[in-house]
Amino acid sequence: MSRQLIRILGKKRGSRHSVSSKFGVIGNVAFSLTLLLLGLISGVVFLLDLPSGVTSWLLGIVILSFIGFGIQGLVTGLLGSRVGDGLRFSLTQNARRFDLTQKSKAARRLPNVPLIDTLLMSPGSTQSWRLPVTTGKPIEIISVIVFFATWTIVSLFLVGYSINQYRTTNHSGWSWWLPTLSLLPSIGFAVWSGRMLARELKDQINIDPLKVEVSHQPIYPGQTIDVAISQGGALYVRSLRLFLVCEEVTSYHQGTDVRTETLEILREQVFVQRRFEITSKSPLAETFTVTIPQDAMHSFHSNFNCLQWRFVSVGRYRDYAEIRRGFLLVVHPPFEDADDLNRSSGDAHEV
Amino acid sequence: MKFDPLISIRLDRADRKYQSGDILECEYQIDAVESDEMHSVEAAVLWYTSGKGDEDQGIHHYQRETRKSRHLDQPDLRVLTHFTTNLPNSPFSYEGTNLKIQWCVRVRILVQRDGQTLREYIHDQEFQLQHVPLLQS
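These protein sequence lines are chains A and W, in that order. When we follow this note's numbering, the leftmost residue of the first sequence carries the number 1, and every step to the right adds one. When we follow this note's numbering, the leftmost residue of the second sequence carries the number 1001, and every step to the right adds one.
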């Protein structure tokens, strides 16, 4: 079916466009060019007849935003067009050439492989590096806090408003009991979210976090590393397991939604201990070795897809819900270069 | 009736398996199209993902030639063209369940026939960069 040049009415579905993509690019470039010219012309007029006070600031901001949006639209429009393929590649190459930081050099040496982020990692106490926790429940807890705070404020406002209305108006009107009626569900939401928040915080506060330390980062396929785990506090542990996990994480558009799917392609239990007690005098402290499979794929990261390696701990404690935490590992491809900029510690052997 | 142009790509290794850091040598040629119908030829060494996620792409090597950019002694864009490139250290070719990473040499030509609008033709020649199969857990 031929594609219409312009369609005023008609719903765009999925990734299909309702008009020609060429028309879209031309329209975008024309609009941006108009915006830029308008900004430049009004800028010249503005400078020739400079107003005083707040007006000059406001006009200046508007003119600058016209010029800024115009340039941005032109650049993105051209990059999105057929001309843009070569232009984009050339720009990226030139930008990389002038970026001389260590991080950029390492990224050029191993494209699309995550770098060891020394900001997230700290030196360990028994092994070289302590791994950063990648999962806990920070987003969930923040969401519950926001939800709880919102409904508490709404409830307090409704209580105040209802009391005020009750005292100031005659009781035959609608104005006081309607807010009172909506008070009940809002208090219900506040209490429910408060209880949920208390339960989450209880688990987070009462249980010391598990610490995982490794002897080497980055790790190479086939390499054996020492792993140390430790946990303090006063706990009765029903079971504590640690898994080496490799996952494919893919993001895709479905209509206007973006969905992310995680698929475990490797799950290997590397540590398990059952029915033991952790006290302040006898904290958990274990060291064991873990071998990355010889035929393992290296960590990979791009815009919509990634392959990541993690340790995942699953702890079951008396009086608490099951707690899962992830600890990010970086597996690099076998790389025959003694001066590996990414190597942060240890004598990783090439395979 | 006119046939679609033929794009042939030849790599220097018959098994099309390379290690990181290897030099990839490639030749490409275009047939079944008139010289004056050729607008431009682009050759790229790139990787792309396939599978459940949206496609990612990374260009490692890129070259573009048009009739204007060609040397005057050889303005024909269809002739056998040779290029080499040092392959990068990553990412490796990978065949997973939801994610696959595939390397290829891609030749894209733009052809303008009988005053019609430009039409593109693409041909890929896939190869493996230190291929990693799916882990057997």
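Ideal Cβ placement from N, Cα and C applies to all residues, glycine included.
#### Entry: N-terminal and C-terminal residue of the beta strand (DSSP E) that Ala285(A) is part of
284-291
#### Entry: Neighbour flag for Gly1053(W) against chain A, beta carbons, 7 Å
yes
### Task
With Thr260(A) as the anchor, note down where its beta strand (DSSP E) starts and where it stops.
257-278
### Task
Just the C-alpha distance for His216(A) and Ile225(A), rounded to the nearest angstrom, thanks.
6 Å
#### Entry: Inter-stretch contact (C-beta, 8 Å, three-pair minimum) for the stretch 233-247 of chain A and the stretch 314-323 of chain A
yes
### Task
Give every residue of the same chain whose Cβ lies closer than 8 Å to the Cβ of Ala338(A), excluding the five residues on either side of it in the sequence, and list them in chain order.
For Ala338(A), the predicted structure reports a pLDDT of 41, less than 50, and the residue's modelled location is therefore unreliable. A value from the coordinates is still provided. The answer is none, since no qualifying residue turns up.
### Task
Indicate whether at least one CB of chain W lies closer than 7 Å to the CB of Glu248(A).
yes
### Message
Cutting at 6 Å between CB atoms, please list the residues of its own chain near Asn366(A), excluding the five before and the five after it.
### Response
Residue 366(A) is absent from the structure shown; chain A starts at 1 and stops at 351.
### Query
So what's Pro1088(W) in DSSP terms, helix, strand or just coil?
coil
#### Entry: Partner residues on chain W for Phe304(A), Cβ-Cβ distance less than 8 Å
Thr1049, Gly1053, Asp1054, Glu1055, Asp1056
### Task
Kindly list, in the order they appear in chain W, the residues whose Cβ is closer than 9 Å to that of Pro366(A).
The first residue shown for chain A is 1 and the last is 351, placing residue 366(A) beyond what the model contains.
### Inter-residue Cα distance where the pair is Arg1010(W) and Asn1089(W)
22 Å
### Query
Using a Cβ cut-off of 7 Å, which residues of the stretch 229-256 of chain A contact any Cβ in chain W, in chain order?
Cys246, Glu248, Thr250, Ser251, Tyr252, His253
### Query
Counting contacts by CB-CB distance shorter than 7 Å, is Pro185(A) in contact with chain W?
no
### Task
Establish whether the CB of Asn1086(W) and some CB of chain A are separated by less than 7 Å.
no
### Message
Measuring only the C-alpha atoms, how far is Asn112(A) from His301(A)?
### Response
5 Å
### Message
Quick check: what's the CA-CA separation for Ser1137(W) versus Glu268(A)?
### Response
Model confidence at Ser1137(W) stands at a pLDDT of 45, short of 50, so the residue's coordinates are unreliable; what they give is reported in the following sentence. Rounded to the nearest angstrom, the two C-alpha atoms are 7 Å apart.
### Straight-line gap, Asn28(A) to Val1111(W) (C-alpha atoms, nearest Å)
25 Å
### Query
Where do the ends of the beta strand (DSSP E) carrying Lys1100(W) lie?
1099-1111
### Query
Pick from Trp151(A), Thr180(A), Asn164(A): whose alpha carbon is nearest that of Gly194(A)?
Trp151(A)
### Task
Tell whether a beta-carbon distance below 7 Å holds between Ser1035(W) and Arg1078(W).
yes
### Query
What distance in whole Å lies between the Cβ atoms of Cys246(A) and Trp192(A), which are believed to be in contact at a cut-off of 8 Å?
Contact flag wrong, Cβ pair sits at about 38 Å.
### Query
How many whole angstroms separate the CB atoms of Glu213(A) and Thr289(A), which I take to be in contact at a CB cut-off of 8 Å?
Actually they are not in contact, since the Cβ atoms of Glu213(A) and Thr289(A) sit about 13 Å apart, beyond 8 Å.
### Message
To be precise: take each residue of the stretch 1081-1108 of chain W, compare its Cβ to all Cβ atoms of chain A, and keep it if any distance is under 8 Å. Which residues remain?
### Response
Pro1088, Asn1089, Ser1090, Pro1091, Phe1092, Tyr1094, Gly1096, Thr1097, Asn1098, Leu1099, Ile1101
### Task
Assign Asp1056(W) to one of two classes, buried (16 or more other C-beta atoms within 10 Å of its C-beta) or exposed (fewer than that).
buried
### Query
If you run the structure through DSSP and keep just helix, strand and coil, what is Val1045(W)?
strand
### DSSP three-state assignment for Asn305(A), whether helix, strand or coil
strand
### Query
When you compare only the Cα positions, how much space is there between Phe46(A) and Gly73(A)?
23 Å
### Task
Could you name the residues of chain W that Arg109(A) contacts, counting a contact when the two beta carbons are closer than 9 Å?
Pro1088, Asn1089, Ser1090
### Message
Checking the sheet assignment: what are the DSSP bridge partners for Cys228(A)?
### Response
Correcting the residue identity first, residue 228(A) is Ala in this sequence and not Cys. Looking at the DSSP assignment, Ala228(A) forms a beta bridge with Glu213(A), Thr287(A).
### Classification of Pro185(A) by the beta-carbon crowding that lies within 10 angstroms, buried from 16 upward
exposed
#### Entry: Cβ neighbours of Gly60(A) in the same chain (closer than 8 Å, five flanking residues each side left out)
Phe46
### Query
So, using beta-carbon positions, are Val1107(W) and Ile1007(W) closer together than 7 Å?
yes
### Query
If you count every other CB in all the chains shown that lies within 10 Å of the CB of Trp1047(W), and 16 or more means buried, which is it?
buried
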